[in-house]
Structure formats: C-alpha cells, structure tokens
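Take a look at the structure set out below.
Numbering (UniProt numbering), first residue to last: 1 to 296.
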C-alpha cells in the first residue's frame with residue numbers, strides 16, 4: 001500500500017510562484033480596464049464590449065459609503081454622493097479609493113473654519129465625534145480635506161471633513177487627447193481616484209447622472225436634484241458612445257434616443273456638434289441603475 005507523503009519544499013515553491021502569477025494577472029487585468037491606455041484601446045468596438053466595461057465600473061461605483069461609519073454618512077446632503085457640472089460629474093466617497101493615510105480620520109469644520117474631532121458648546125452638529133479613534137498620531141501634518149472635491153475649504157458648520165487621503169472616486173468627461181477615430185464633439189470618460197485620472201472610454205457623445213431616490217409611493221425614481229439622504233439609494237448613469245463597428249448603410253442608421261428614465265432626448269438634441277456626422281457611425285447607449293447598499 002502506497003504511503004501518503006507530505007508536500008515537498010519544491011512543490012510548495014511551485015504553488016507560491018503560481019499564486020503570485022495569478023495575483024499579478026488579476027492586478028494587470030484591473031489596470032487594463034481602468035487606466036492602462038498604452039496596452040489596450042479604449043474605443044469600444046461594439047455594445048458587448050461597452051457593457052462589459054460598464055459592468056466593471058458599476059461594481060466600483062456601487063461601493064459608495066464603504067468603510068465609512070454609518071452615523072457619519074448622513075451629515076447633510078451631497079457629502080457621500082455629489083453630482084456636479086450639470087450632472088456630468090459624479091463624485092463619491094469609498095474606502096476602496098483610499099491609500100490608508102489616516103483612514104477614517106473624520107471631523108467637521110467649525111464656525112471658525114477649524115477642523116474639530118468633537119463637538120463644542122458653540123458648534124452644534126448632528127454627529128458626535130467624541131469616540132473617533134482612527135486619526136494618525138501625527139494627523140496635524142496631513143491637510144484638511146472637504147469630503148467632495150468641488151467643495152471649498154472655507155465652508156463652516158455643515159462640512160464633513162477629514163485628515164489625509166480623501167478616498168474620493170470621480171467620474172467625468174474630458175475633451176483632451178481625443179482619438180482621431182472619434183467624431184469631433186465627442187469626449188473621453190475618465191475615472192479619477194484621489195487625483196489620479198485614468199481613461200475609461202473614448203468617443204463619448206453625452207453623459208448624464210441622476211440621483212436614485214425613494215419617492216412618496218415608496219418607489220425608486222430618478223431625479224436631477226439631490227433628495228434627502230435617507231431617501232437616496234444610488235445613481236442612474238446615462239451615456240451615448242460612438243462604436244468602432246461599421247455603421248449600417250446610409251439611410252438606415254437610427255438615431256440613438258434615451259428613454260424617459262434618462263431624459264428622453266435624441267443624440268443630436270444633446271450634442272449639436274455631431275448633427276451632420278452621427279449617421280456615419282454606430283452607437284451604443286447606456287442606461288444603468290447603480291445601487292449603493294453601503295449608504296444605509
């Protein structure tokens with residue numbers, strides 16, 4: 001009868017090497033999806049490729065509120081999720097964007113513009129910071145940051161703030177470095193993680209975000225304006241993208257149009273720069289609801 005034998009040192013080393021190769025492959029895949037433009041094109045070939053990229057982006061965005069204490073999430077509206085620039089910019093807080101510098105070192109800006117960790121007699125706040133223990137011992141060496149990138153540091157009494165790394169994800173469109181393959185008037189979809197931008201998709205003709213909120217009938221509905229935090233459930237992302245697949249024969253190409261959930265407009269109503277050229281390309285449309293379970 002053959003005796004069982006233990007794993008040898010050589011076999012153990014082989015397993016470790018294979019594990020490192022697998023881990024390295026996953027990291028490389030992540031980078032190729034969100035920022036390594038030199039290794040792959042960000043021009044979408046077809047709707048299947050577009051949907052694949054968007055599904056991965058949605059998983060990242062759905063982490064809004066992750067790693068932030070729940071009783072600090074509802075400090076006013078717009079602190080965890082913020083839509084700016086005509087609802088073409090999405091900003092959200094998540095520890096997935098953190099570099100772990102004073103992670104969780106939350107406070108607020110008092111009436112004198114000072115960063116405070118606990119409530120004072122003259123600084124009324126809906127949140128108690130007295131038990132906060134996540135600040136670095138040398139936290140004063142880190143800059144004060146307001147929770148969203150577009151908020152001024154001089155706001156007082158109603159600004160959630162923190163020391164160190166901001167943990168902010170930002171999705172927006174940018175008109176720089178557009179591929180020659182894209183129609184004039186299109187832009188790039190960008191993902192910024194704490195000030196480090198990466199290109200996601202080229203040839204974006206239109207982008208819009210909307211708040212997903214619970215209405216009076218206890219139903220989820222999309223709004224352009226923010227709702228009360230306890231009603232907020234996520235965001236709806238609406239986007240029209242030029243694809244690299246050949247367009248149908250002249251005269252048969254249908255102009256893309258949003259459903260009412262995204263506004264109901266046609267492509268040329270949203271982007272007049274491509275009035276005379278859109279028929280030469282095929283188009284992909286995104287109408288995606290991204291729910292954020294860590295908000296509550």
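Glycine included, each C-beta is placed from N, C-alpha and C at the ideal position. Just so you know, these numbers come straight off a predicted model, no measurement behind them.
Go ahead and pull the three-state DSSP assignment for residue 93.
Residue state, collapsed to three classes: strand.
Could you check which residue in 168, 181, 261, 206 has the C-alpha nearest to that of residue 174?
Cα-wise, what sits closest to residue 174 is 206.
Would you mind reading off the limits of the beta strand (DSSP E) that contains residue 187?
Where residue 187 is concerned, the enclosing beta strand (DSSP E) stretches over 187-193.
Please go through the same chain and pick out, in chain order, the residues whose beta-carbon is closer than 6 Å to the beta-carbon of residue 236, but skip the five residues on each side of it.
Only 210, 212, 222, 289 meet the Cβ criterion.
Are the Cβ atoms of residue 241 and residue 178 separated by less than 8 Å?
In this structure, residue 178 does not lie closer than 8 Å to residue 241 by Cβ.
Taking the beta carbon of residue 280 as the centre, do at least 16 other beta carbons fall within 10 Å, making it buried, or is it exposed?
Flag for residue 280 reads exposed.
Check whether the Cβ atoms of residue 232 and residue 169 sit closer than 8 Å, and answer yes or no.
Not closer than 8 Å, so no.
With DSSP collapsed to three states, give me the class of residue 281.
Coil at residue 281, not helix or strand.
As a quick exercise: from 203, 83, 230, pick the residue whose alpha carbon is nearest that of residue 41.
Considering only alpha carbons, the answer is 203.
With 16 as the cutoff for other CB atoms within 10 Å, does residue 286 come out buried or exposed?
So residue 286 counts as buried.
In whole angstroms, give me the CA-to-CA distance for residue 277 and residue 244.
Spanning the two alpha carbons is a distance of roughly 14 Å.
Using only CA atoms, which one of 259, 230, 256 lies nearest to residue 218?
When each option's Cα is compared against that of residue 218, the closest is 230.
Using three-state DSSP, classify residue 262 as helix, strand or coil.
The answer is helix: DSSP assigns residue 262 an H, G or I state.
Mapping DSSP to helix, strand and coil, what is residue 228?
Coil.
In the structure shown, what three-state DSSP assignment does residue 54 receive?
The answer is helix: DSSP assigns residue 54 an H, G or I state.
Alpha helix (DSSP H) containing residue 269: first to last residue?
Counting along the chain, the alpha helix (DSSP H) containing residue 269 begins and ends at 267-270.
CB residue 189 to CB residue 274, shorter than 8 Å?
No. Outside cutoff.
Helix, strand or coil for residue 82? Go by DSSP, reduced to three states.
Residue 82 falls in the strand class under three-state DSSP.
Thinking C-beta only, is residue 171 closer than 8 Å to residue 324?
There is no way to answer for residue 324, as the model of the chain reaches only from 1 to 296.
Which whole-angstrom value describes the C-beta separation of residue 63 and residue 291, a residue pair presumed to lie in contact below a C-beta threshold of 8 Å?
Residue 63 to residue 291, Cβ: 11 Å. No contact.
So which of 195, 66, 266 has the shortest CA-CA distance to residue 94?
Nearest option by C-alpha distance: 66.
Whose C-alpha, out of 234, 112, 186, 194, is nearest the C-alpha of residue 96?
The candidate whose alpha carbon is nearest that of residue 96 is 194.
Have a look at residue 224 and residue 234 and give me their C-alpha separation to the nearest angstrom.
So the two alpha carbons sit approximately 12 Å from each other.
Using the rule of at least 16 other Cβ atoms within 10 Å of the residue's Cβ for burial, across every protein chain shown, is residue 284 buried or exposed?
So residue 284 ends up on the buried side.
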